[in-house]
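Here is the structure we will look at, set down as C-alpha cells.
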Amino acid sequence: MIQTDILIIGAGPTGLFAVFEAGLLRLKCHLIDSLPQPGGQLTEIYPKKPIYDIPGYPDVLAGDLVDNLLKQIAPFKPEFTLGERAETIERDNDDQFVVTTNKGTVHRAPVVAIAGGLGSFEPRKPPISNIAEFEDKGVTYMVRNPEEFRGSKVVIAGGGDSALDWTIYLADVASEVTLVHRREGFRAALDSVEKVRELNRRGKVKLLTSSQVIGLSGNGKLSSVVVNHKKMGGTEIDADYFIPLFGLIPKLGPIGDWGLEIEDNAIKVDTFDYSTNVPGIYAIGDINTYPGKLKLILCGFHEATLMCQSAYKRIHPDKKVSFKYTTVTGIDGFKDE
Ligand SMILES: Cc1cc2nc3c(=O)[nH]c(=O)nc-3n(C[C@H](O)[C@H](O)[C@H](O)COP(=O)(O)OP(=O)(O)OC[C@H]3O[C@@H](n4cnc5c(N)ncnc54)[C@H](O)[C@@H]3O)c2cc1C
337 MIQTDILIIG
347 AGPTGLFAVF
357 EAGLLRLKCH
367 LIDSLPQPGG
377 QLTEIYPKKP
387 IYDIPGYPDV
397 LAGDLVDNLL
407 KQIAPFKPEF
417 TLGERAETIE
427 RDNDDQFVVT
437 TNKGTVHRAP
447 VVAIAGGLGS
457 FEPRKPPISN
467 IAEFEDKGVT
477 YMVRNPEEFR
487 GSKVVIAGGG
497 DSALDWTIYL
507 ADVASEVTLV
517 HRREGFRAAL
527 DSVEKVRELN
537 RRGKVKLLTS
547 SQVIGLSGNG
557 KLSSVVVNHK
567 KMGGTEIDAD
577 YFIPLFGLIP
587 KLGPIGDWGL
597 EIEDNAIKVD
607 TFDYSTNVPG
617 IYAIGDINTY
627 PGKLKLILCG
637 FHEATLMCQS
647 AYKRIHPDKK
657 VSFKYTTVTG
667 IDGFKDE
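Each residue of the sequence shown is one higher than the last, beginning at 337 in the numbering used here.
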C-alpha cells in the first residue's frame with residue numbers, strides 16, 4: 337500500500353504544480369495518471385505547440401513547460417503510479433481515503449486532490465470482436481516501456497503521429513515491425529511519414545496501407561493477426577504484440593461515481609479552497625467547475641496553491657500554516673527531507 341499526505345489524481349500541469357505548493361508546506365504527494373507519462377493534455381495532445389499565456393514566459397512549448405514543472409518539483413521527490421486509472425475510493429476507519437487503480441495498486445492518504453483535467457484518457461479501440469481477450473496478453477494501447485518489445489514481432493495500427501513515431505522507434509528494438517493503416521495517406525508530421533517510407537524501402541519496417549487488422553488469434557497469448565487489404569483480402573501475420581494507436585478519448589470515467597457533485601461533466605467546488613462536497617476531497621484544474629471558471633493552466637496553478645493551504649489545515653488541525661515567500665525560504669532546505 338502506498339501512503340502519502342496528498343494523493344493527486346492526474347499528473348497534468350495542475351497536479352504537478354500542486355506537488356510544489358504542497359512541498360513548501362512539507363506535505364508529500366503521490367500522483368496517479370492513466371497515461372504512461374506526466375504532463376496531461378500538454379504531453380498527450382500538443383507537446384510541440386507554443387503556449388503564450390504562462391506568466392513570465394513570452395512563449396513556451398507545452399512539452400518544455402512539463403519538463404520545467406518536473407524539474408521544479410524534483411526537490412520534493414513526488415512519486416508516481418503511471419499507466420493506471422484511479423478506479424475506486426473508500427474511506428477507512430482512520431478517516432483516510434483508499435484509492436485503488438484498475439491494475440489493483442492501492443494508495444492511502446488523508447487528502448485526495450482530483451486534478452483529472454478532461455478525465456482519464458481512454459484508448460479508442462478498433463472493432464475486433466475478441467480484442468478484450470488479448471488485452472495485456474499481446475494487445476496494448478500505449479507503449480509504456482519500449483524495451484518490452486525487444487526482439488518481438490510487433491504490429492502497429494494507425495496513421496497519426498503516435499503510430500508513426502512508435503513505428504520508427506521500435507524499428508530498432510523489435511525483430512519485426514509492421515505498420516497497418518486503413519488509408520494510403522497519413523495524418524502525421526511529414527518528416528515522420530518520410531522516415532517510415534524510407535524504413536520500408538530499406539526493409540526495416542513492413543508497411544501495409546489500405547488495410548485493417550480484423551482478427552486476432554493465439555492460445556492464451558497473441559500469436560497472429562489477420563490483416564484485410566481493401567482489394568486483396570485477408571492475410572495472417574505472426575505477431576507477439578498488436579498496438580492499435582487510434583488516439584485517446586477523454587472520459588470523466590470512474591470519478592463520476594465517487595459521490596461528488598457533478599455539473600456539465602465537471603466537479604463542483606467551493607472557490608474558497610476548491611473543496612468538493614466530500615470533506616477531504618478537492619478538485620483542481622480543468623476537472624472542476626464554479627461560476628466564472630476558465631480552463632487555463634494558470635487558473636489550475638492558482639487553484640492548486642489554495643487547495644494545499646486548506647489540505648495542510650486538514651492534515652494538521654493543531655498547527656498554523658506559516659506563510660512565507662520562496663524568496664525568503666529558498667528551496668534548498670526542502671531537498672534532503
Ligand atoms: C490544443 C490545446 C491547446 C491549449 N492551449 C492552451 C494555452 O495556450 N493556454 C492555457 O492556459 N491552456 C491551454 N490549453 C488548456 C490546458 O491544456 C488545460 O487547461 C490544462 O491541460 C489543464 O491541466 P490539468 O492538469 O487540470 O488537466 P490535464 O492536463 O487534462 O491532465 C489531467 C490528467 O489526469 C489524468 N486522469 C484523469 N482521470 C484519471 C483517473 N481516474 N485516473 C488516473 N488519471 C486520471 C489524465 O490522464 C490526464 O493526464 C490547451 C488545450 C488544448 C487541448
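Heads up, the beta-carbon is just placed ideally off N, CA and C, and yes, glycines get one too. Keep in mind that this is a model prediction, so the values were computed, not measured.
Exposed or buried, what is residue i when buried is set at 16 or more other beta-carbons lying within 10 Å of its beta-carbon?
i	result
Asp622	buried
Thr665	exposed
Lys489	buried
Asn624	buried
Ala619	buried
Ala422	buried
Asp600	exposed
Ile464	buried
Ile585	exposed
Thr437	buried
Ser658	exposed
Leu526	exposed
Ala468	exposed
Glu471	exposed
Phe608	exposed
Thr662	exposed
Glu484	exposed
Pro580	buried
Please determine, among the options, the residue with the shortest C-alpha to C-alpha distance to residue i.
i	options	result
Val442	Ile651, Leu406, Asp428 and Ser658	Asp428
Val447	Leu367, Val657 and Pro580	Leu367
Pro391	Gly636, Arg533 and Val532	Gly636
Glu512	Pro459, Pro580 and Ala575	Ala575
Ile344	Met337, Cys365 and Gly359	Cys365
Gln339	Pro414, Tyr577, Ile381 and Phe457	Pro414
Gly496	Val529, Asp508, Pro482 and Asp472	Val529
Met337	Arg518, Tyr661, Val435 and Arg533	Val435
Ile377	Thr350, Tyr610 and Leu544	Per the sequence shown, the amino acid found at residue 377 is Gln instead of Ile. The shortest Cα separation from Gln377 among Thr350, Tyr610 and Leu544 belongs to Thr350.
Glu534	Thr503, Asn404 and Thr612	Thr503
Val562	Thr571, Gly554, Ala410 and Ile585	Thr571
Gly452	Ile591, Asp430 and Val614	Ile591
Leu596	Lys566, Thr424, Gly554 and Lys407	Thr424
Ala640	Ala449, Lys407 and Ile381	Ala449
Arg650	Pro615, Lys660 and Lys473	Pro615
Gly589	Ile603, Leu630, Leu544 and Ala524	Ile603
Lys629	Val605, Glu426 and Leu397	Val605
Ser411	Val355, Leu634, Tyr382 and Thr545	Checking the sequence, you will find Pro at residue 411 rather than Ser. Of the candidates Val355, Leu634, Tyr382 and Thr545, the one whose C-alpha sits nearest the C-alpha of Pro411 is Val355.
Should residue i be flagged as near chain D, meaning a C-beta pair shorter than 9 Å?
i	result
His443	Absence of chain D from the displayed structure is noted, only one protein chain being present.
Compute the minimum distance between the beta carbon of residue i and the heavy atoms of ligand 1, and state whether it is under 8 Å.
i	result
Phe416	no
Ala602	no
Thr437	yes
Ser488	no
Lys629	no
Glu483	no
Asp369	yes
Pro446	no
Glu426	no
Pro653	no
Lys385	yes
Asp622	yes
Tyr388	yes
Ile409	no
Leu406	no
Glu420	yes
Leu397	no
Pro615	no
Gln377	yes
Ile342	no
Tyr618	no
Tyr382	yes
Would you list the one or two residues that DSSP bridges to residue i?
i	result
Pro459	Leu584
Cys365	Ile342
Lys542	Thr514
Ser553	Ser560
Gln548	Asn564
Ala602	Glu599
Ala619	Ile450
Glu572	Val562
Tyr577	Val490
Ser611	Asp606 and Tyr618
Glu471	Val475
Pro386	Leu397
Is residue i near ligand 2, with its Cβ less than 8 Å from a heavy atom?
i	result
Phe457	No copy of ligand 2 appears in this structure; the ligands present are ligand 1.
### Secondary structure, beta strand (DSSP E): runs of 3+ residues fully inside the stretch 391-456
Runs found: 415-418, 422-427, 433-437, 442-445 and 447-450.
### Query
Whole alpha helix (DSSP H) runs in the stretch 623-666 with 4 or more residues, listed along the chain?
Whole alpha helix (DSSP H) segments, 4+ residues: 633-651 and 662-665.
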